[in-house]
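Below is one structure, written out as structure tokens; the observations come after it.
Number of protein chains: 6
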Amino acid sequence: MSDLWLSTLKTATPQEGYELAIKLSRMGIKYTQPSDEVRQKLRDDYANNADSLTAVSQVVATNFQTVAAANNYWNERT
Amino acid sequence: MSDLWLSTLKTATPQEGYELAIKLSRMGIKYTQPSDEVRQKLRDDYANNADSLTAVSQVVATNFQTVAAANNYWNERT
Amino acid sequence: MSDLWLSTLKTATPQEGYELAIKLSRMGIKYTQPSDEVRQKLRDDYANNADSLTAVSQVVATNFQTVAAANNYWNERT
Amino acid sequence: MSDLWLSTLKTATPQEGYELAIKLSRMGIKYTQPSDEVRQKLRDDYANNADSLTAVSQVVATNFQTVAAANNYWNERT
Amino acid sequence: MSDLWLSTLKTATPQEGYELAIKLSRMGIKYTQPSDEVRQKLRDDYANNADSLTAVSQVVATNFQTVAAANNYWNERT
Amino acid sequence: MSDLWLSTLKTATPQEGYELAIKLSRMGIKYTQPSDEVRQKLRDDYANNADSLTAVSQVVATNFQTVAAANNYWNERT
Numbered sequence: 218m219s220d221l222w223l224s225t226l227k228t229a230t231p232q233e234g235y236e237l238a239i240k241l242s243r244m245g246i247k248y249t250q251p252s253d254e255v256r257q258k259l260r261d262d263y264a265n266n267a268d269s270l271t272a273v274s275q276v277v278a279t280n281f282q283t284v285a286a287a288n289n290y291w292n293e294r295t
Numbered sequence: 218m219s220d221l222w223l224s225t226l227k228t229a230t231p232q233e234g235y236e237l238a239i240k241l242s243r244m245g246i247k248y249t250q251p252s253d254e255v256r257q258k259l260r261d262d263y264a265n266n267a268d269s270l271t272a273v274s275q276v277v278a279t280n281f282q283t284v285a286a287a288n289n290y291w292n293e294r295t
Numbered sequence: 218m219s220d221l222w223l224s225t226l227k228t229a230t231p232q233e234g235y236e237l238a239i240k241l242s243r244m245g246i247k248y249t250q251p252s253d254e255v256r257q258k259l260r261d262d263y264a265n266n267a268d269s270l271t272a273v274s275q276v277v278a279t280n281f282q283t284v285a286a287a288n289n290y291w292n293e294r295t
Numbered sequence: 218m219s220d221l222w223l224s225t226l227k228t229a230t231p232q233e234g235y236e237l238a239i240k241l242s243r244m245g246i247k248y249t250q251p252s253d254e255v256r257q258k259l260r261d262d263y264a265n266n267a268d269s270l271t272a273v274s275q276v277v278a279t280n281f282q283t284v285a286a287a288n289n290y291w292n293e294r295t
Numbered sequence: 218m219s220d221l222w223l224s225t226l227k228t229a230t231p232q233e234g235y236e237l238a239i240k241l242s243r244m245g246i247k248y249t250q251p252s253d254e255v256r257q258k259l260r261d262d263y264a265n266n267a268d269s270l271t272a273v274s275q276v277v278a279t280n281f282q283t284v285a286a287a288n289n290y291w292n293e294r295t
Numbered sequence: 218m219s220d221l222w223l224s225t226l227k228t229a230t231p232q233e234g235y236e237l238a239i240k241l242s243r244m245g246i247k248y249t250q251p252s253d254e255v256r257q258k259l260r261d262d263y264a265n266n267a268d269s270l271t272a273v274s275q276v277v278a279t280n281f282q283t284v285a286a287a288n289n290y291w292n293e294r295t
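Chains as they are written, first to last, in this note's numbering: chain C, 218 to 295; chain P, 218 to 295; chain Y, 218 to 295; chain F, 218 to 295; chain Z, 218 to 295; chain B, 218 to 295.
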């Protein structure tokens, strides 16, 4: 992927960190399925299925661990 | 999401930390499916399915790892 | 949840820590499905299904990571 | 469970640590399904299913992370 | 596998680190299914299935934790 | 298991570390299903199924976290 989409794991606030975790999770899908059109179609599937949404939240939680650690949990010690 | 819903990972007690982990888990779903109505409908599905509930608890466990680390496991050393 | 059920992650022994991890795993389900009756019915499902039991053990393993870290792996250095 | 089955996370070697991780994984199941007879029957299911075995190996991997950290990865610095 | 494909976990930027995490995730599959032809056929399956893509993103997230830690989260302190 | 198969988590290179992670993942299966013959038959199942391969890669990723940490990410500081 030639675009620059991730220049730092640092964020100003925990919420921005959580939103970065969501972006990381979506990029994991985009690298495997680059077509915006296909991903949009699939979105209707998982956005209306409870277990699919839980699985998405699991990926976000895993990425949030990384982002939170990178920001020292926003404890202002880095 | 324009609302501020996560300003800190710090909580006074482990139990509040666990409840924050639940909130993080639910927000992972809300970002993907913003409709309150759809989420409410889906809730009936997963709240009555053993494996779905286990998967939810897995997400909470992952987020609780993050929250607990952010609070130094409430060991009063931070 | 108004009850106090988690006041500390510290336990005297690894085994008590493991049992706390089980409690954490069950609470992740209880917050989502508060009805004791429904949970009891679902229990018959997952307690007799190999993959469901493995999934439960996965949640416990994740929570045990947190509890073990909180107790410095019971290495008597905290 | 009144039996003492986990008194320490320390092991002499990585292999013993891995075997402790297996024990931890099985105990996660035993606490939920205490009947030896039922567990033995279920064993035939998952021991002959590729995905079930992979899921078991995932739980072991998660518990091995905990045991390995508790032993400082057997780097002889603890 | 006789080829050298992983000589370091260090990357210049977080994005290159994420791309290394993708490579690690794919290699986990390649070691189990070495046939390029079979993997290409399977790709059509998972690249068009929402849950499969989420599962892929979960593996990437797990590997990204490792790569990010190896690079000290690109905080320029290593 | 009476054989010695894991005497150290240390490896000379990241790639050897990744290959050790694969071995750990396979041993998690072998302890549960010791029959070489059964495992060989199951291999045909999961080696030709996209989701099964992703699940295998997830286990490898988890074990690679452990091996990488044990080697201080091959940063030559241990």
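We treat Cβ as the ideally placed atom computed from N, Cα and C, and that holds for glycine.
Looking at the unbroken alpha helix (DSSP H) that takes in residue i, where does it start and where does it end?
i	result
residue 280(B)	267-287
residue 262(Z)	253-263
residue 247(F)	231-247
Could you list which residues in chain Y have their beta carbon closer than 7 angstroms to that of residue i, in chain order?
i	result
residue 255(P)	By Cβ distance, chain Y contributes nothing, its closest Cβ being about 17 angstroms from residue 255(P), past 7 angstroms.
residue 222(P)	Result: empty, since nearest Cβ-Cβ is about 18 angstroms, beyond 7 angstroms.
Counting only C-beta atoms, is residue i closer than 8 angstroms to chain B at any point?
i	result
residue 248(F)	no
residue 226(Z)	yes
residue 291(Z)	no
Going by other Cβ atoms of all chains shown within 10 Å of its Cβ, with 16 needed for buried, is residue i buried or exposed?
i	result
residue 236(Z)	buried
residue 275(B)	buried
residue 282(B)	buried
residue 269(C)	buried
residue 257(P)	exposed
residue 223(C)	buried
residue 255(Z)	exposed
residue 295(Y)	Its pLDDT being 42, under 50, residue 295(Y) is placed unreliably by the model, and the measurement read from it follows with that caveat. Exposed.
residue 251(B)	exposed
residue 221(F)	exposed
residue 225(B)	exposed
residue 229(C)	exposed
residue 242(Z)	buried
Taking Cβ positions only, does residue i come closer than 8 angstroms to chain Z?
i	result
residue 242(C)	yes
Using a cut-off of 7 angstroms between C-beta atoms, extract the partners of residue i located in chain P.
i	result
residue 283(Y)	281, 282, 285
Can you find a C-beta in chain C that's less than 8 angstroms from the C-beta of residue i?
i	result
residue 237(P)	no
I'd like to know if residue i contacts chain P, where contact means its C-beta is closer than 8 angstroms to some C-beta of that chain.
i	result
residue 234(Y)	no
Since residue i meets chain P, which of its residues come closer than 9 angstroms, beta carbon to beta carbon?
i	result
residue 231(C)	223, 224, 225, 226, 287
Can you tell me whether residue i sits near the ligand NAD, meaning its C-beta is under 7 angstroms from at least one heavy atom of the ligand?
i	result
residue 236(B)	The ligand NAD is not among the ligands present in this structure, which contains no ligands whatsoever.
Interfacial residues, the stretch 256-280 of chain P to chain C, with Cβ spacing under 7 angstroms: Considering only beta carbons, the part of the stretch 256-280 of chain P lying closer than 7 angstroms to chain C consists of 259, 262, 263, 269, 272, 273, 275, 276, 279, 280, in chain order.
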